[in-house]
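Only one structure is covered here, and it is reproduced in the block below.
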Amino acid sequence: MELPPLELFSGNWEEYIDHVYEVYCGLILNRGLRFRGLAVKPRFTPESKGKIYGFWHVTSEGGIEDDRTPDLRRCERIRWISWMIENVDNYDDIIWWNEKPKANSREVVLWLEAEQFVVVLAWRSQGYWLLKTAYLATKPHKINSLRGKKERYWKARKS
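Sequential numbering from 51 applies to the sequence shown in my numbering.
In structure tokens:
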């Protein structure tokens, strides 16, 4: 399994983030990305600094939307998002499971455990998947949480 190349930081933040956005638009926004036959769409609003909301959510971190901080590790892995979505059924290394964070919602988590990279898709009743977020899991408690959720899902599915 060969992963797409990283988009390494060039030293100029404005040029770099514009380049990462171009890659994002080409692979996620304008390409007709699909997960198991259904469209995957980003969230468009609120737009910020000339870029759609969904872009900032996969390239920055933080719990408060207006205070999110750019995350170079997320930016570097921008190509991995579409690759994982398109290849989830082609590689056993991409682990997935369903989650129900709220009673009336459904999410699918894709996890490339060897690289600790996570993509989260949320089902929308209009018949498409929303690209909710993507991130690099770096904290041991987060990795343990992912591992536990994966194991519980697959254990319940086998019984």
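Cβ atoms here follow ideal geometry from the backbone N, Cα and C, with glycine treated the same way.
Q. Taking the DSSP output, what are the residues bridged to W161?
A. I145 and V168
Indicate the three-state DSSP secondary structure (helix, strand or coil) for V90 in the structure shown.
-> strand
| query | Which residue from E149, L77, S60 and R202 puts its Cα closest to that of I128? | reply | L77
Report task. List the endpoints of the continuous beta strand (DSSP E) containing K182. Result -> Y178 to L186
Quiz item: Counting Cβ pairs, one atom from each stretch, are 3 or more of them under 8 Å apart for the region 181 to 188 and the region 100 to 112?
Solution: yes
### Query
Can you round the beta-carbon distance between V70 and C125 to whole angstroms, since I take them to be within the 8 Å contact cut?
5 Å
*Delimiting residues of the alpha helix (DSSP H) encompassing E65*: W63 to Y74
| said: So, at 7 Å on beta carbons, what are the nonlocal neighbours of S98 in its own chain, with the 5 sequence-adjacent residues on each side left out? | reply: W106
### Query
On the premise that W130 lies in contact with F167, defined as a C-beta separation below 8 Å, what is that separation, rounded to the nearest angstrom?
6 Å
Decide if M134 is buried, meaning its Cβ has at least 16 other Cβ atoms within 10 Å, or exposed.
-> buried
Original post:
Excluding sequence positions up to five away, which residues of its chain have a Cβ less than 7 Å from the Cβ of Y141?
Top reply: M51
Practice item. Starting from I78, trace the alpha helix (DSSP H) both ways and give me its first and last residue. Key: Unbroken run through I78: none, as it is neither H nor E.
Would you say L79 faces chain C, with C-beta separation under 9 Å as the test? Absent from the structure is chain C; it holds one protein chain and no more.
- Query: Mind checking S132: buried by the 16 CB within 10 Å criterion, or exposed?
  - Reply: buried
Contacts around L122, its chain only, beta-carbon distance under 8 Å, and the 5 residues preceding and following it disregarded:
F59
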